[in-house]
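Chemist: Here this note's numbering is used: the first residue of the sequence shown is 80, the next is one more, and so on. All C-beta atoms in this analysis are idealised placements derived from N, C-alpha and C, irrespective of residue type, glycine included.
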Amino acid sequence: MQETPLQILQHTFGYDSFREPQESIIDCLCNDGDALVIMPTGGGKSLCYQIPALARPGVGVVISPLIALMEDQVSALRELGVNAGYLNSTQDWETTRETENAIRNGEIDLVYIAPERLIQERTIALLQQSPIALFAIDEAHCVAQWGHDFRADYLKLNILHELFPQIPRAALTATADERTRADIIERLQLSEAQQFISGFDRPNIQYRIQQKNKPRTQLLQFLRSEQQGNVGIVYCLSRKKVDDTAEWLTQQGFNALPYHAGMSGSNRQHNQTRFLREDNIIIVATIAFGMGIDKPDVRFVVHLDLPKSVEAYYQETGRAGRDREPATALLLYGLEDIVKLRQMMAGSEGNETFKRHEQQRLNAMLGLCEITTCRRQVLLRYFGDELAEPCGNCDNCIDAPDTWNASEAVQMALSCVYRSGQRFGAGQLIDILRGADTEKIRQFRHNQLSTYGIGSKLSISEWRTIFRQLIALGLLGVDSEGYGTLQLTEACRPILRGQDTIFLRREKATQKAAPARKRVLDIAEEDMGLWNALRQCRKELAEEHGVPPYVIFHDATLKEMLEKRPLNDYEMLCLSGIGDRKLEQFGEAFIEVIQEFEYQE
Ligand code: ADP
Ligand code: ZN
């Protein structure tokens, strides 16, 4: 008897119930409809096409640009007992032939195909002779020509509609904005498709944005106190900084690996594979590391440099916590970051409209950094989502920042910029305000200015915080020639005239280690013994099967095992993520570990 989608969910995937809106999407596809699915990372997009592919007769064809991941995706399905395969350029001829035959004979339930392969005549001819259940176009935002994930081959996927009009198609992405959505609909000819658009919130990600003081010390403290042994990504802007940081973290005893476009292809590949396969690697990367990192158990993303836009920040932090377990996004930023990015943009090629657009995007990012209220509310509002209440899971919610009436200090700073001729950077301006006696002060006779020494009550670091916020707020502009000189903008007139009060954020001398939570997965000290034993068992099985550990069981399943301590098959099956096949393959090994542990206790 044919299983229903719910039965497939329970028996094959081992989950109790669907999440919103999985069931309606599956219904739509099972009833021959097309679907446009926009769901945040970790929302559970894959099941939306995998289950209809299993429920419908024929082969589900998944088009995905993530060649590096296909093998893992397919082995994950095979571990669930699903008959799956893939076609891409990394395969030998023999395997290709076998897979093609299996497709033709309908002996396979799901096949992953790279877009460039799909559009070849040979593949199209094959598909025309084969029973097809549906087409799923994953990472559908790759059709957007202006986006940074654009793939020319995606534009040609409209042939699916033309050649297979009766086969349902699903286009899926986590990319949220309207322009991309419109592009997908138009280019993939999905105007008839039902749209399923979920909110963008990732409630399990804790957002924290801190002032950058001593970035390495801050990073180390974060890793040591909260993220021991966890998988994570550390983003840096430059290749050199990536290399240096990875090397330094290695010296500090972490398993850190670099990843950037300047490395040889094979080194990059090697590091990416280790990251995907092992369960305690920190990858230090430029944003070249991104697309296709759908490792579910990434516990943290750290930015050591400021992302250029809120979109980039959301996408990069979104690589944490796909498994919906607690994860942390930590961004460190400071005065230099802002000056550097403002300069880069002012000096970039491209017409004025483009530059203005970039500046606006950067301003939104800076706004997110400087706000003193809930970060998640601002982040979601940026994407058109409203969150009614403050989230309780960002640094501002956890430890509300102080503000102070900085009008007087701001006036001092702005008039100092004016009096010194709008030709100096923050360092010199602060020296003037604090009345420093340096060669440069004497050389430019800055000790004769009326603003010399008027700000000696504030420390250098307090002044830096003020200048940072003034630039972020657009009250000071940065030159485009790369000197970092600061200039007044129109916006600062009312303040200079003393007509406006201005409140600024006060940096805390020491940042509260935000949450009370010690380890991000919240494992109690007395459970660590069993937890490590379960992880070890998972690791051994993963090696034996040649798959990443999360393919055996996700952290969430392992955690439930830790809490419920199942000692027989029935109890095992009750855990989320354990279906028939996984029970059969792995149940016993884990029961033994638990028994052993209970015996010792
Ligand atoms: P996406 O592709 O949207 O980023 P995935 O399809 O990888 O997300 O799913 C994210 C995680 O959620 C996976 O670990 C998946 O097994 C799990 N998941 C999906 N649907 C359900 C469900 N109904 N119940 C429990 N877990 C689910
Ligand atoms: Zn919040």
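As a quick exercise: from Leu662, Ser499 and Val626, pick the residue whose alpha carbon is nearest that of Gln152.
Modeler: Comparing Cα-Cα distances from Gln152 to each of Leu662, Ser499 and Val626, the minimum goes to Val626.
Chemist: Please tell me whether, using a cut-off of 7 Å, the distance from the CB of Leu189 to the nearest non-hydrogen atom of ligand 1 is below it.
Modeler: Every heavy atom of ligand 1 is 7 Å or more from the Cβ of Leu189, so no.
Chemist: Is Asn475 near ligand 3, in the sense that its beta carbon is under 7 Å from a heavy atom of that ligand?
Modeler: With respect to small molecules bound, the structure shown includes ligand 1 and ligand 2 and not ligand 3.
Chemist: Please list, in chain order, all residues of the same chain as Ser655 whose beta carbon is under 8 Å from its beta carbon, the five residues on each side excluded.
Modeler: Correct list, in chain order: Gly93, Tyr94, Asp95, Ala635, Thr636 and Glu639.
Chemist: Who pairs with Asp232 in a beta bridge, going by DSSP?
Modeler: According to DSSP, which records beta bridges pairwise, Asp232 is partnered with nothing at all.
Chemist: Any contact of the stretch 427-445 with the stretch 383-391, i.e. 3+ C-beta pairs under 8 Å?
Modeler: The stretch 427-445 is in contact with the stretch 383-391.
Chemist: What residues are listed by DSSP as bridge partners for Val363?
Modeler: Per DSSP, Val313 and Pro337.
Chemist: Reducing DSSP to helix, strand and coil, say where Met187 ends up.
Modeler: The sequence given here places Ile at residue 187; Met does not occur at that position. Three-state DSSP puts Ile187 in coil, outside helix and strand.
Chemist: To the nearest angstrom, how far is it from the Cα of Glu675 to the Cα of Gln170?
Modeler: So the alpha carbons of these two residues sit roughly 42 Å apart.
Chemist: Going by the DSSP bridge assignment, what does Ile276 pair with across the sheet?
Modeler: Beta-bridge pairing links Ile276 to Ile117.
Chemist: Taking the alpha helix (DSSP H) that Phe214 belongs to, which residues open and close that run?
Modeler: Looking at the DSSP string, Phe214 is not in any alpha helix (DSSP H); the run it does join, the beta strand (DSSP E), is Ile211 to Ile216.
Chemist: Bridge partners of Gly556, per DSSP?
Modeler: DSSP, once it has assigned bridges, lists Gln566 as partnering Gly556.
Chemist: Need the endpoints of the alpha helix (DSSP H) that Leu385 sits in, please.
Modeler: Unbroken run through Leu385: none, as it is neither H nor E.
Chemist: Touching or not, the stretch 179-199 and the stretch 133-140, by the rule of three or more beta carbon pairs under 8 Å?
Modeler: With the cut-off at 8 Å, the stretch 179-199 and the stretch 133-140 touch.
Chemist: If we count the other Cβ atoms within 10 Å of its Cβ and call it buried at 16 or more, is Arg576 buried or exposed?
Modeler: Arg576 is exposed by the Cβ-count criterion.
Chemist: Rounded to the nearest angstrom, what separates Ala603 and Ile366 at their Cα positions?
Modeler: Rounded to whole angstroms, Ala603 to Ile366 spans 35 Å at the Cα level.
Chemist: Using only alpha-carbon positions, find the residue among Glu437, Ala612, Gly344 and Val321 that is nearest to Asp384.
Modeler: Ranking Glu437, Ala612, Gly344 and Val321 by Cα distance to Asp384 puts Val321 first.
Chemist: On a CA-only basis, which of Leu641, Gln290 and Arg585 is nearest Leu689? Give me that one, please.
Modeler: Past the boundaries of the shown model lies residue 689; the chain is included only from 80 to 680, so the question cannot be answered.
Chemist: Using the Cα positions of Gly426 and Lys419, report the straight-line distance between them to the nearest angstrom.
Modeler: Answer to the nearest angstrom: the Cα atoms are 11 Å apart.
Chemist: In this structure, does DSSP put Ala595 in helix, strand or coil?
Modeler: Low confidence applies here, because Ala595 scores a pLDDT of 45, under 50, leaving its location unreliable; read the following figure in that light. Reduced to three states, the DSSP call for Ala595 is coil.
Chemist: Tell me, please, whether the stretch 213-225 touches the stretch 241-252 by the rule of three or more beta-carbon pairs shorter than 8 Å.
Modeler: Touching, yes.
Chemist: How long is the line joining the alpha carbons of Arg157 and Ile670, rounded to whole angstroms?
Modeler: So the two alpha carbons sit approximately 22 Å from each other.
Chemist: Assuming Leu583 and Thr482 are in contact, meaning their beta carbons sit under 8 Å apart, how far apart are those beta carbons, in whole angstroms?
Modeler: That pair is a contact at about 6 Å.
Chemist: By a C-beta neighbour count over all protein chains shown, 10 Å radius and 16 as the cutoff for buried, is Met607 buried or exposed?
Modeler: By the neighbour-count rule (16 or more Cβ atoms within 10 Å), Met607 is not buried but exposed.
Chemist: Work out the CA separation of Ser538 and Gln394 for me, nearest whole Å.
Modeler: Answer to the nearest angstrom: the Cα atoms are 36 Å apart.
Chemist: Kindly indicate the opening and closing residues of the alpha helix (DSSP H) around Thr202.
Modeler: Segment Glu200 to Gln207, the alpha helix (DSSP H) holding Thr202.
Chemist: Grouping DSSP H, G and I as helix and E and B as strand, with all else coil, what is Ile105?
Modeler: If DSSP states are grouped into helix, strand and coil, Ile105 belongs with the helices.
Chemist: Have a look at Gln434 and Asp474 and give me their C-alpha separation to the nearest angstrom.
Modeler: Inspection of the sequence shows that residue 434 is occupied by Lys rather than by Gln. Approximately 31 Å, taken between the alpha carbons.
Chemist: By the DSSP assignment, the beta strand (DSSP E) with Thr517 in it spans what residues?
Modeler: From DSSP, Thr517 is part of no beta strand (DSSP E); its letter is neither H nor E.
Chemist: Indicate, with yes or no, if ligand 1 has a heavy atom lying under 7 Å from the CB of Met118.
Modeler: Yes - ligand 1 has a heavy atom lying nearer than 7 Å to the Cβ of Met118.
Chemist: Would you report the Cα separation of Ala485 and Ile550, rounded to the nearest angstrom?
Modeler: Taking the straight line from one Cα to the other gives about 15 Å.
Chemist: Could you give the C-beta distance for Ala163 and Val190, rounded to a whole number, given that I count them as a contact under 8 Å?
Modeler: Indeed, because the Cβ distance is near 7 Å, the residues count as touching under 8 Å.
Chemist: Are the stretch 96-105 and the stretch 121-133 touching, with three or more C-beta to C-beta distances below 8 Å?
Modeler: The stretch 96-105, when compared against the stretch 121-133, does touch it at the 8 Å Cβ threshold.
Chemist: Count the other CB atoms, across all protein chains shown, that sit within 10 Å of the CB of Lys661; report buried if there are 16 or more and exposed otherwise.
Modeler: Looking at its Cβ environment, which holds 16 or more other Cβ atoms inside 10 Å, Lys661 is buried.
Chemist: Got a sec: does ligand 2 put a non-hydrogen atom nearer than 7 Å to the Cβ of Cys453?
Modeler: It does: the Cβ of Cys453 is within 7 Å (strictly closer) of some heavy atom of ligand 2.
Chemist: Verify the CB distance criterion: does Ile533 have a CB-CB separation below 8 Å to chain B?
Modeler: Looking at the structure shown, chain B is missing, and only one protein chain is on hand.
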